[in-house]
Amino acid sequence: MAAALSALKANRTKIWVGAVTLLLVFYLVVSFERSLLLMSDQNLVAKAIGVAYLVLPVIGAWALVRELLFGARTERLAKILEAEGGLPEDTLPRTPAGRIIREAADLEFEKYRAEAEAAPDDWRSWFRLSCAYDAAGDRKRARASMRDAVRMFRAGAQKP
């Protein structure tokens, strides 16, 4: 029982991703069905709305696939770095509520920024920089750096 509970906690994020994905797929199927229903109507306005409504499931499916691939590729890189012992350690001080203290994250960030500048073609340095951005609270740059790391990894720029 304890092992099952431990495994459940370890996979909690994947369970939530799966649940949200199922809900989104359900929404996309219903939207697609409704758009076909509107397009089959005799009224030209209904047909136009049906065509416009058809765009939503297409955009939603594209976004869903893109985010799932991003997550899978990020997880793959994290597993490689973990096996190599290259994941950054989470030693940053936290508030009583569990949030990382911003000033400490900013100081730690400089170390990873310098590493990425010294090895601009190494996906590992960009992965660690992404983690530092995330710890510093800059999610937009964290995702951009992680996309760079994934792109470098996929291109084969894997300098040891």
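Going by this note's numbering, the sequence shown opens with residue 104, and the numbers climb by one from there. Cβ coordinates follow ideal geometry from the N, Cα and C atoms, glycine included.
Closest to residue i by CA distance: which of the options is it?
i: Asp241; options: Val158, Ile203, Asp225, Val168; result: Ile203
i: Asp224; options: Arg244, Gly259, Gly201; result: Gly259
i: Lys117; options: Gly174, Val128, Ser138; result: Gly174
i: Arg137; options: Arg216, Ala155, Ala207, Asp209; result: Ala155
i: Leu210; options: Leu195, Glu220, Val120; result: Leu195
i: Glu218; options: Ile183, Trp119, Glu185, Ser233; result: Ser233
i: Val132; options: Ala122, Trp119, Leu147, Ala164; result: Ala164
i: Arg250; options: Glu178, Asn146, Ala122, Asp193; result: Glu178
i: Arg216; options: Ala151, Ser143, Arg244; result: Arg244
i: Val161; options: Ala207, Gly201, Ala200, Leu127; result: Leu127
Taking Cβ to Cβ, would you say residue i is nearer than 9 Å to residue j?
i: Tyr236; j: Ser228; result: no
i: Phe212; j: Ala181; result: no
i: Arg176; j: Phe256; result: yes
Rounded to whole angstroms, how far is the Cβ of residue i from the Cβ of residue j, which I believe are closer than 8 Å?
i: Thr124; j: Leu167; result: 7 Å
i: Gly153; j: Leu172; result: Incorrect: roughly 30 Å between the Cβ atoms, too far for contact.
i: Pro191; j: Arg231; result: 5 Å
i: Leu157; j: Phe129; result: Going by Cβ atoms, the distance from Leu157 to Phe129 rounds to 17 Å, so no, they are not a contact pair.
i: Ala186; j: Trp226; result: Actually they are not in contact, since the Cβ atoms of Ala186 and Trp226 sit about 14 Å apart, beyond 8 Å.
For residue i, which residues does DSSP report across the bridge?
i: Arg197; result: Ile203
DSSP on residue i, reduced to helix/strand/coil?
i: Glu192; result: coil
i: Gln261; result: Residue placement at Gln261 is poorly supported in this model, since its pLDDT is 47, which falls under 50; the coordinates still yield a value, given next. Residue state, collapsed to three classes: coil.
i: Gly163; result: helix
i: Gly240; result: coil
i: Ala222; result: coil
i: Ser143; result: coil
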